[in-house]
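Numbering (this note's numbering), first residue to last: -11 to 385.
Structure, rendered in structure tokens:
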């Protein structure tokens, strides 16, 4: 096992072995699930195999998360640079990119060559689209690196669902404006996932286009230049769709479009739960306070965290955006989600239940002060009245 070295403040040597080093390789099984399901279609399991991606994502993963629980373990801060320098972790993320694409191609081929019942078609589009959308976590990790190799891998990865503006919008827009009313990717208390998605999807696209326009202008290039990263990703996504349609006929085109839709919606669900209701306070100079770990919801559920390369340690990621996944840390007293992301996505799609679970946690984070919460404008008056009533009730009891 690799040993990582660091130096403590007193000058002594720190030796650290990463107990999760080889467990991260399990992350490569997740993108392979749709391809496995496509292969199992040709076994006695038959058409029921098309349910595997959905059942894995929203059934098996939440159950395993609940059984295994959380992993609050941190690597020592002193070995963070040594961890970041190990190429094993970097190539592990890159290796996931072709696996996601193989799974997508395998399921498109299945749809194009087999006569699936409507429910099987729908389940496959939903399940594979959701897993492909989870692959944006890979593009997210790669997109935070500035070297050209990681940039190419990120573009190819994000083109899988046609979400080619994420690197631009996320790095330049979301990380600057996170947990403020001006960020389309930060959900507001009282805002349902459906209302949020209708605001976030066009808002993120607009911010991505604006960020890329400014980047190209600084280089003296037009937005319509082929150095535009958004266009480069569209070329990959469009070429794949055209080739697959030529190979398998027009019947695969609706599947590809629905697959992409659910990929986009998966990212909306992730953004929704990552900052719901949390608000950075505005300073006297008109700027917002610096982003701290407690401006993001965190979860240490080990299985889904391994599956997404520690994306769910989102608090440390926003406090230290350039820190690689293997070095992300847990902190005490962070706002914590009740379960891993897949279970939280299920909860989010039942808005009354989600509000019932999460709104009290938001208020606990805000110390009972509703003015410190990022509230949806349409729900603000109702929320203020409800929580003021609860505050008075607790005061008199």
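Note that CB positions come from ideal geometry on N, CA and C, so glycine has one too.
Note that the structure is predicted; figures quoted are calculated from it, not measured.
So residue i packs on residue j, CB below 8 Å; how close in whole Å?
i           : j           : result
residue 177 : residue 264 : 7 Å
residue 325 : residue 285 : 5 Å
residue 154 : residue 336 : Contact flag wrong, Cβ pair sits at about 19 Å.
residue 90  : residue 23  : 6 Å
residue 80  : residue 13  : 7 Å
residue 244 : residue 116 : Contact doesn't hold; Cβ gap of about 10 Å is too wide.
residue -10 : residue 74  : 7 Å
If you count every other CB in all the chains shown that lies within 10 Å of the CB of residue i, and 16 or more means buried, which is it?
i           : result
residue 393 : This structure leaves residue 393 out entirely; the chain is present only between -11 and 385.
residue 54  : exposed
residue 26  : buried
residue 141 : buried
residue 206 : exposed
residue 351 : buried
residue 78  : buried
residue 216 : buried
residue 6   : buried
residue 251 : buried
residue 300 : buried
Kindly list the residues whose CB is nearer than 7 Å to the CB of residue i, restricted to its own chain and excluding five residues on each side of it in sequence; keep chain order.
i           : result
residue 11  : 294
residue 201 : 211
residue 262 : 284, 285 and 302
residue 85  : 126, 141, 144 and 145
residue 98  : 26 and 29
What separation, rounded to the nearest whole angstrom, lies between the Cα atoms of residue i and residue j?
i           : j           : result
residue 136 : residue 274 : 36 Å
residue 371 : residue 355 : 15 Å
residue 149 : residue 378 : 44 Å
residue 172 : residue 365 : 14 Å
residue 185 : residue 44  : 24 Å
residue 122 : residue 194 : 22 Å
residue 323 : residue 349 : 8 Å
residue 258 : residue 118 : 11 Å
For residue i, which residues in the same chain have their Cβ closer than 8 Å to its Cβ, ignoring the five residues on either side in sequence?
i           : result
residue 279 : 163, 166, 167, 268, 306 and 307
residue 376 : 358
Report all residues from its chain with a CB closer than 6 Å to the CB of residue i; omit the five preceding and five following residues, and keep chain order.
i           : result
residue 387 : This structure gives no information on residue 387, because the portion of the chain shown stretches from -11 to 385.
residue 319 : 281
residue 236 : 100
Exercise for the section: Could I get the ranges of all uninterrupted beta strand (DSSP E) runs contained in the stretch 150 to 232, with 3 residues as the minimum, in chain order? Expected result: Within the stretch 150 to 232, complete beta strand (DSSP E) segments of at least 3 residues are not found at all.
Problem - Within the stretch -2 to 35, ranges of the alpha helix (DSSP H) (whole runs, at least 4 residues) - result: Counting only runs of 4+ residues, the alpha helix (DSSP H) found wholly inside the stretch -2 to 35 occupies 21 to 28, in chain order.
Handout entry: Start-end ranges of the alpha helix (DSSP H) lying completely within the stretch 42 to 80, minimum 4 residues
Key = DSSP assignment within the stretch 42 to 80 yields the following whole alpha helix (DSSP H) runs of 4 residues or more, N-terminal first: 49 to 56 and 68 to 73.
Handout entry: Those runs of the alpha helix (DSSP H) which lie wholly inside the stretch 296 to 337 and span at least 4 residues
Key = The qualifying runs are 302 to 307 and 329 to 336.
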